[in-house]
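One structure is given here, and the rest of the page talks about it.
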Amino acid sequence: MPMNIDKFARSCDKIYRIVGEPVINGEDVSEQVIRSYYTHSSFYYRKFHSPEGAMHVPVSFADGVPHLHKLQYQARFVESLISRYNYTRVLELGFGMGFNTRYLAQRNPQVQFTGIDLTASNVKRARQKAKNLPNTTFMQDSFDEPEHTSQSYDLIFAVETLCHSKDMAGVLERYAHLLSENGRLVVFDGLKKRPEALPDKISARAYQLLLWGFALERFFTLDDIMNSEKLHSLKFEAVTEYSKNVLPNMLTFQRGAYKALRFPGVLKMLLRLGILPLELIKQIAAGLTSAYFLEKRYLGYYKLVLVKK
Ligand SMILES: C[S@@+](CC[C@H](N)C(=O)[O-])C[C@H]1O[C@@H](n2cnc3c(N)ncnc32)[C@H](O)[C@@H]1O
């Protein structure tokens with residue numbers, strides 16, 4: 621069914637009215653903002669998306685497949701590389717609540733898994749959930765200014781987290797130095813398909829909401845990464861697009877956002893009273909707008925596989 625643009629634009633306006641234009645247009649996305657976003661939104665991820673603690677989109681190839689199986693797609697791909705190349709040391713960047721690493725660590729007890737994440741509450745939850753997995757180590761650290769850079773790894777992967785980096789190519793190059801011979805880096809993330817902004821006003825306002833909703837300063841393009849002068853130590857082995865496989869779930873998020881926005885006055889009041897956190901409105905904003913930009917083919921969902929030169 622084609623998207624109802626009037627309804628979409630009205631819903632975007634509702635969010636601007638609930639929160640106030642200056643809040644959305646004027647946010648400077650610092651690490652503190654990102655931390656606060658994930659500290660306050662992990663409850664909603666568990667409640668509405670994945671009780672197991674996944675904080676990424678499910679990848680769907682057929683109807684009737686359980687949601688959990690679709691959420692494991694990214695980790696299953698990582699596992700296929702572990703098996704094919706006999707990798708034994710794996711690092712996850714931005715592990716969230718530890719969903720991917722926990723899945724992998726349970727199934728691959730001979731492999732050592734390390735993870736870093738910026739958000740203290742996520743680190744705590746990931747450790748708690750993996751307390752019976754001796755082959756996991758979860759640390760608090762930032763991939764933008766890392767402190768833990770002494771170990772080396774066969775495989776480094778990042779699911780929907782490098783979009784938060786200040787410089788995605790720079791982060792990839794930095795972590796390339798921690799890779800062993802024949803090591804690989806895998807990224808699953810949303811990327812912009814064209815550098816220029818969409819010209820119409822509805823898209824411009826919606827894009828601002830999308831960035832604000834995901835606590836992002838920008839979306840990188842594939843070209844920003846593939847043609848970056850900073851990327852010396854890695855070469856691209858594969859670039860795969862999964863936009864149509866994540867769209868059904870994005871449309872579900874959008875329907876949820878429409879429902880949540882039926883009573884904007886109530887949301888505004890609960891927000892003012894401090895009963896609802898601003899981060900819930902951010903999630904509604906992200907849920908509302910992601911499908912719009914995927915359908916417009918302005919954003920895409922990609923897997924990048926890079927191999928050490
Ligand atoms: C959308 S969640 C994805 C979590 C996990 N990869 C998953 O698939 O469930 C993004 C995660 O990236 C983390 N993050 C954001 N910026 C980071 C940074 N600079 N360094 C490390 N982690 C970061 C956040 O704390 C959050 O847990």
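Just add 620 to the spot in the sequence shown (first one is 1) and you have this note's numbering. Don't be surprised by glycine CBs; every beta carbon is placed ideally from N, CA and C. Only a predicted model underlies this, so the values are computations on that prediction, with no experimental measurement involved.
How many Å lie between A877 and H669 at the Cα? 13 Å
Residue span of the alpha helix (DSSP H) that contains F873, given as start and end: S863 to A880
Could you spell out where the alpha helix (DSSP H) holding L893 opens and where it closes? That residue, L893, is in no alpha helix (DSSP H); it is neither H nor E in DSSP.
Could you compute how far the alpha carbon of L900 sits from the alpha carbon of E801? 43 Å
Confirm the yes/no value for this check: CB of D764, any heavy atom of ligand 1, distance under 6 Å. yes
Quick test of the definition: if touching needs 3 or more C-beta pairs under 8 Å, does the stretch 763-773 touch the stretch 822-836? no
Distance between beta carbons of V677 and Y921, contact taken as under 8 Å: 7 Å
Considering only C-alpha positions, which residue in the set V649, S823 and A682 is nearest to N869? A682
Per DSSP, cross-strand counterpart(s) of E615: Within the shown structure, residues of the chain are numbered from 621 to 929, placing residue 615 beyond reach of any answer.
I776: beta carbon under 6 Å from a heavy atom of ligand 1? no
Taking only the alpha-carbon atoms, compute the straight-line gap between K749 and T757 and give it to the nearest angstrom. 12 Å
Nonlocal neighbours in the same chain, by C-beta distance under 6 Å from E861, ignoring five residues either side: G920 and Y922
Could you please give the first and the last residue of the uninterrupted beta strand (DSSP E) stretch that includes N802? L799 to K812
One question on the structure: do A835 and Y657 come within less than 7 Å of each other, judged by their Cβ atoms? yes
From the DSSP output, in three-state form, read off Y664 for me. helix
Provide the residue(s) that pair with T734 in DSSP beta bridges, ordered along the chain. L711 and T757
Indicate the three-state DSSP secondary structure (helix, strand or coil) for A906 in the structure shown. helix
Exposed unless 16 or more other CB atoms sit within 10 angstroms - verdict on D809: buried
Where K928 and N706 are concerned, what is the direct C-alpha to C-alpha distance, given to the nearest angstrom? 16 Å
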